[in-house]
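This report concerns only the one structure given below.
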């Protein structure tokens, strides 16, 4: 296989590992961070808001940015920016400064997410995109495991972040050194004129897909951010056991995305998405019932496993769903509203936990998964008649 094709593909995998590391680690670190800064349980919300703002700006502007630089250069700058911002988390004396730095971490994550997903939606099949997103779950699983080990060994939460900073800087150097191997972003056919953003937004199937992306990412991030606090603080589960449950959640995402590559070719991505949403809803209902700590852990792992194929399969089927002229706009919009969901629902979970207690979080997530199932059912009615991507 030609190096100019293989190296960008491998680096896409690496980029998603780097993206997942800081996204998931906050859930395990949060109780220790709260104690250090003297914060209330819902103080995590503002950090999600600033990170979302940065991510939305980056993903919305990704087309313009990529017209001026290669994907490799953008990824290098984004990883470097993320590393510096995360280092700032561990050094600043006030929580308000951490919240401000969230703009930079969000911008870095948004740029990585939009650039790689736009590239992947055009260049790769649904199978490859699922495997690609499995590497996000590698980072997302490694982050909580790393922070759990750091805290369990008696070190402060800052030490866990320093390791992640080192990974981000190393990735920045790797992307920078290979920046000339990346293909330029743009339409496959120069004669094809892309649709205007407003034209894409007028499509009913785009509007429904935006609802789905926002709610899905909110449910995924909400569980990842609050499962540890739910088990550790509300249900008295030990640090290692609660951290293990969070890790299994992200491992489940990885396993299902990787396993997607082995599904029979006749299995349609749209069918997989529907089954996964329904399964995750059932798993969250089991968590809310609080039957037994081991049952909770198994249900949390199941939710992660069921969640895995939803996002990448929705990305991969975007060209078939909206057409090539709308693909770039649709992917950028989906990433943007996905970032909003990542901030909105976990932030709402924090407010709910503060007002009603941590046990209200699984109930809130049940509502989210139910709305998601309804929205996806409506989108299926607008499914295009053209043959879907395998």
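In the numbering used here, the protein residues as written are 288 to 677.
All C-beta atoms, glycine included, are put in the ideal place defined by N, C-alpha and C.
Since we're looking at a predicted model, the values are computed, not measured.
Is it the case that the Cβ atoms of residue 298 and residue 500 are separated by a distance below 9 Å? no
Unbroken alpha helix (DSSP H) run spanning residue 492, endpoints: Element bounds for residue 492: 491 to 516.
Would you tell me roughly how many angstroms separate the C-alpha atoms of residue 543 and residue 567, rounded to the nearest one? 12 Å
Given residue 527, which residues of its chain have a CB within under 7 Å of its CB, disregarding the five upstream and five downstream residues? 435 and 439
Inter-residue Cα distance where the pair is residue 323 and residue 317: 10 Å
Does residue 492 pass the burial test, meaning 16 or more other C-beta atoms within 10 Å, or should it be called exposed? The residue in question, residue 492, is buried, as its Cβ has 16 or more Cβ neighbours within 10 Å.
For residue 634, which option in 652, 579, 405 and 518 has the closest C-alpha, if you only look at C-alpha atoms? 652
What did DSSP end up calling residue 676 once you bin it into helix, strand or coil? Note on residue 676: pLDDT 41, under 50, position unreliable in the model; the coordinate value appears next. The answer is coil: DSSP assigns residue 676 none of H, G, I, E or B.
Excluding the 5 residues preceding and the 5 following residue 306 in the sequence, name in chain order all residues of the same chain whose CB lies nearer than 7 Å to its CB. 396, 399, 400, 423 and 426
When you compare each of 371, 533, 340 and 411 to residue 456 by their alpha carbons, which one comes out closest? 371
Nonlocal neighbours in the same chain, by C-beta distance under 8 Å from residue 669, ignoring five residues either side: 491, 492 and 495
Exposed or buried, which one is residue 475 when buried takes at least 16 other CB atoms within 10 Å? Interpretation of residue 475 is limited by its pLDDT of 47, a score under 50 that renders its predicted location unreliable; the figure taken from the coordinates is listed afterwards. By the 10 Å Cβ count, residue 475 comes out exposed.
Segments of 4+ residues assigned as alpha helix (DSSP H) that fall wholly inside the region 543 to 594: Listed in chain order, the alpha helix (DSSP H) elements of length 4 or more contained wholly in the region 543 to 594 are 556 to 576 and 580 to 594.
In three-state DSSP terms, what is residue 524? coil
Looking at C-alpha atoms only, which residue of 295, 503 and 630 is the closest neighbour of residue 657? Minimum Cα distance to residue 657 is reached at 503.
Jot down the residue ranges of each uninterrupted alpha helix (DSSP H) in the region 312 to 383, minimum 4 residues, whole runs only, in chain order. Here the runs fully enclosed are 331 to 347, 349 to 353 and 358 to 378.
Can you tell me the Cα-Cα spacing of residue 430 and residue 590, whole angstroms? 18 Å
Distance check for residue 449 and residue 374, CA to CA, integer angstroms please. 7 Å
Which of the three DSSP states is assigned to residue 660 in this structure? helix
Could you have a look at residue 646 and say whether DSSP puts it in helix, strand or coil? If DSSP states are grouped into helix, strand and coil, residue 646 belongs with coil.
Per-residue burial, residue 720 [other beta carbons within 10 Å of its own, 16 or more giving buried]: A query on residue 720 cannot be resolved here, the shown segment of the chain reaching from 288 to 677 and no further.
Given 8 Å as the limit, is there contact between the region 529 to 538 and the region 388 to 395, that is, 3 or more CB pairs closer than that? no
Assign residue 449 to one of three DSSP states: helix, strand, or coil. In the structure shown, residue 449 falls within a helical segment according to DSSP collapsed to helix, strand and coil.
Taking C-alpha atoms, which residue in 377, 389 and 378 lies nearest to residue 333? Looking from the CA of residue 333, the closest CA among 377, 389 and 378 belongs to 389.
Taking only three categories from DSSP, how would you classify residue 395? helix
Would you call the region 568 to 581 and the region 606 to 614 touching, i.e. three or more CB-CB distances under 8 Å? no
Using a 10 Å radius around the Cβ and a threshold of 16 neighbouring Cβ atoms, would you call residue 510 buried or exposed? buried
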